[in-house]
Structure formats: structure tokens, C-alpha cells
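Below is one structure, written out as C-alpha cells; comments come after it.
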Amino acid sequence: MTVALKQRADSLREDAATGRKFEEENVMRRLEGRLAVVTGAANGIGRASALRFASEGANLAIMDLEADGLEAVAEEARKGGAKVFTKAGDCTKEDFLVDTFKEIYADAGFIDLLMNNVGQSARERASEFYQSNSDVWHFVMDVSLFSTLLASRQVVPSMREAGRGKIVNVASNAGLAGEVGISEYAAAKMGVIGFTRSLARELAPFKVNVNAVCPGVTKTRVIERISDEIVEKIRVSIPLGYFAEPEDIAAVAAFLGSDDARYMTGQSVVVDGGRWMV
Ligand SMILES: NC(=O)c1ccc[n+]([C@@H]2O[C@H](COP(=O)([O-])OP(=O)(O)OC[C@H]3O[C@@H](n4cnc5c(N)ncnc54)[C@H](O)[C@@H]3O)[C@@H](O)[C@H]2O)c1
């Protein structure tokens with residue numbers, strides 16, 4: 606290796622979760638001084654997005670069921686200089702969200718970016734629709750759709766009044782293309798897409814952007830809930846031939862949450878290695 610190449614390799618920063626290396630100087634600072642709220646930020650896509658937002662200069666307010674995981678993310682973000690507020694609790698519960706957002710507003714005054722990331726299928730509980738039941742549907746709707754409505758309701762009045770703000774919802778390519786074994790999840794995520802489009806129309810006169818990111822299968826613990834056989838079947842159906850890292854979704858969320866995406870609203874951006882093409 607030449608000296609120049611060796612120096613470049615030494616300057617690369619390693620992402621603790623993935624072992625991937627990236628050049629620190631290439632990280633943009635599009636969210637400097639802004640406050641980003643991320644639901645479900647202790648793991649996976651929410652974690653990667655919160656850390657990406659912080660690396661772009663944002664302060665964070667992050668929520669999750671898992672207090673320890675949340676603190677670990679906060680600690681990592683603080684190392685880079687971000688101010689971080691954490692609150693452990695259930696984002697499907699209106700009382701929890703109302704109280705938490707009140708605290709955030711009391712401290713920060715304005716939320717620039719809300720990422721509605723909480724969501725989950727119930728693949729491990731039910732497989733095909735004929736075997737599922739209304740307990741499963743209520744769980745999936747609450748966590749994958751209702752939480753998005755609830756959290757959005759907390760920020761829309763102030764974004765409307767301020768005439769600025771960004772909402773990034775996490776949908777899924779299952780919501781667009783459908784997927785065997787998770788029909789209620791696909792219904793909930795299509796609901797997120799419909800909500801994104803309608804809210805975008807309502808808020809466009811106020812210059813508030815509302816968009817969704819639709820991940821394909823991403824290497825989070827979600828993948829552990831899927832059988833090896835199905836995982837391999839999905840993998841070979843991806844034109845790029847491999848699964849997304851959470852950071853691949855976070856990069857698009859950071860773009861949608863920044864002013865670089867100011868002329869986009871109501872869009873559902875598919876990030877799935879080309880599995881779903883329109
Ligand atoms: N991983 C994938 O393949 C994939 C694909 C498409 C869409 N998505 C969507 O991406 C989002 C994140 O998924 P992930 O794969 O990172 O999952 P994950 O399980 O790795 O992380 C989800 C986080 O949300 C938290 N959470 C779950 N329910 C909560 C609740 N009620 N209140 C507060 N926190 C809660 C969990 O504790 C966890 O930290 C979800 O909306 C999911 O539907 C994931």
C-alpha cells in the first residue's frame with residue numbers, strides 16, 4: 606500500500622455497529638443546530654438515523670421502549686457534540702407522547718424534524734392471513750400506523766405556525782409491493798404512505814415537508830425473526846443482491862429531513878436494492 610493510501614485508510618472512521626468505514630470529512634452538516642426527534646431510536650434504523658442526524662449537526666430527542674439502548678445511542682451522539690434528550694416509553698400510548706413532547710417543547714421550543722420510525726410486523730406471531738387474528742392486527746396497526754399519527758399530531762401545530770419543519774415517516778416496500786405473511790403490516794404501512802401523502806398536501810401551504818422512506822429488508826434484528834429459507838429467497842430477489850444496512854436507510858432519512866429535500870413532499874422513497882421498481 607502506498608503511503609497516501611495508508612494515510613487515507615487510517616483516517617477512515619469505523620461505524621461501531623457495522624464495522625463499515627467512512628470518511629469523516631465527507632459527512633455533511635445539513636442539520637446544524639436543528640432538533641430531530643426519532644421514535645424507536647435504540648436499535649436498527651432508528652438508531653442509525655439518530656446518529657446520522659447527530660453527525661450532521663442535529664441535537665436529538667429520542668424515545669424507545671428500551672431505556673438502556675436509548676442511553677447507549679445518546680452517549681455515542683454526545684461524543685460528537687450533540688445535545689440529547691432521552692425518554693423511555695411506549696410510542697403507541699397517547700399519554701406518553703403528549704407528556705414527552707411537552708417536555709421537549711419546554712426545553713427546545715421547536716422541533717425541526719420528526720422521524721416516525723417505530724413500527725413492527727408480527728411475522729413471528731402469525732404467518733399467513735388465514736391464521737391471523739384481530740389481536741395481531743391491533744398490535745401491528747398500533748405500532749406501525751397509530752404511533753405515526755400520534756407523534757405527528759404533537760408536532761404539526763407548531764410546524765404549521767412556524768411555516769417550516771420536516772416529517773419523515775418510515776413505511777416499507779411491503780406497503781407498496783405486498784408481501785406474503787405480513788398482510789396486516791403491509792396494510793398499516795400503506796396507511797403510513799396514504800397519511801404521508803395527505804398530510805403533505807395539508808401542510809404544503811405552510812412549507813412543511815412530509816415524506817416517507819420505504820426500506821426493503823434491512824440488516825436489523827428484524828431479519829432474525831425471518832426463517833433462513835425466506836431470507837435467502839428474498840435476497841436472491843434483490844437486484845443488488847444484498848440487504849440494506851440501517852445506515853443506508855438513515856442516509857435517505859437525513860436527506861429527506863434536510864433542506865436538500867425542500868422541493869419534495871408526499872413522496873415515498875424506496876430504498877430496497879432495486880427489488881421494487883416503478
Ligand atoms: N428491518 C427491515 O427489514 C425493515 C424493512 C422495512 C421497514 N422497516 C421499518 O423500519 C422501522 C424500524 O425497524 P427496525 O428494523 O430498525 O426495527 P428494530 O426492531 O431493530 O428497532 C425498532 C426499535 O423500535 C423500538 N420500539 C418498538 N416498539 C416500540 C414502541 N411501541 N414504543 C417505543 N419504541 C418501540 C424497539 O425497542 C426498537 O429499538 C420500522 O417501522 C419497521 O417497520 C424495517
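The opening residue of the sequence shown carries number 606 in the working numbering; numbering runs sequentially from there. For every residue, glycine included, the Cβ atom is placed at its ideal position computed from N, Cα and C.
{"Asked": "Pairwise C-alpha distance: residue 716 and residue 750", "Found": "21 Å"}
{"Asked": "Cβ-based burial, residue 868 [other Cβ within 10 Å; buried from 16]", "Found": "exposed"}
{"Asked": "CB contact below 8 Å: residue 880 versus chain C", "Found": "The structure shown has no chain C; it contains just one protein chain."}
{"Asked": "Among 676, 665, 732, the one whose alpha carbon lies nearest that of residue 710", "Found": "665"}
{"Asked": "Option in 635, 675, 655, 738 with minimal Cα separation from residue 719", "Found": "655"}
{"Asked": "Residue from 801, 662, 643 whose Cα sits closest to the Cα of residue 634", "Found": "662"}
{"Asked": "The segment 676 to 691 contacting the segment 735 to 742, beta-carbon criterion three pairs below 8 Å", "Found": "no"}
{"Asked": "Selected residue, minimal CA-CA separation from residue 602, among 658, 745, 741", "Found": "The question about residue 602 has no answer here: the residues shown for the chain are numbered 606 through 883."}
{"Asked": "Where the beta strand (DSSP E) through residue 800 begins and ends", "Found": "Element bounds for residue 800: not the beta strand (DSSP E) but the alpha helix (DSSP H), 788 to 808."}
{"Asked": "Any beta strand (DSSP E) of 3 or more consecutive residues that is wholly inside the segment 720 to 790", "Found": "771 to 775"}
{"Asked": "The segment 839 to 850 / the segment 795 to 809 touching (three or more Cβ pairs under 8 Å)", "Found": "no"}
{"Asked": "Alpha carbon of residue 803 to alpha carbon of residue 659, nearest angstrom", "Found": "29 Å"}
{"Asked": "Distance CB(residue 786)-CB(residue 880) smaller than 8 Å", "Found": "no"}
{"Asked": "Where residue 844 falls: helix, strand or coil (DSSP)", "Found": "coil"}
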